[in-house]
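First the structure, in the form of structure tokens, and then the observations on it.
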Amino acid sequence: MEPHLFRIKPGGGSGASYSHEGEEFLHVLRGNFEIWLDAKEHYHLKPGDSLYFESSTPHRWKNPGRTQTWLLWINTPPTF
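In numbering that gives the first Met the number 0, the protein residues as written are 0 to 79.
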């Protein structure tokens, strides 16, 4: 497992969808966060919300808010 503290600027995001080996868990600490999984599922998360998904599912994400978003993002195996 590899934990990261992500700080995402307002409007920042991943761009196009991507996928890779493994599993991911994220927990929103501050701000708002949107994530799309396989272009079929869309989640709008706020502080205190968490999400788990298989990394092989194509995913993209962004900060839709006007303030910085902070996430605890954990990957296995380490990917960053």
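Quick reminder that beta carbons are idealized off the backbone N, C-alpha and C, glycines included.
Burial state of residue i (16 or more Cβ within 10 Å)
i: L4; result: exposed
i: T68; result: buried
i: H43; result: exposed
i: H58; result: buried
In DSSP terms, what residue i is bridged to
i: P2; result: I73
i: K61; result: G12, E33
i: T68; result: I7
Close-in-space but distant-in-sequence residues of the same chain around residue i (CB under 7 Å, 5 per side omitted)
i: T66; result: P9, G30
Span of the beta strand (DSSP E), counted from its first residue to its last, around residue i
i: R29; result: 22–29
i: S54; result: Run containing S54: none; DSSP gives neither H nor E here.
i: Y42; result: 40–44
Spatial neighbours of residue i in its chain, beta-carbon cut-off 8 Å, leaving aside the 5 residues before and after
i: H41; result: E33, I34, W35
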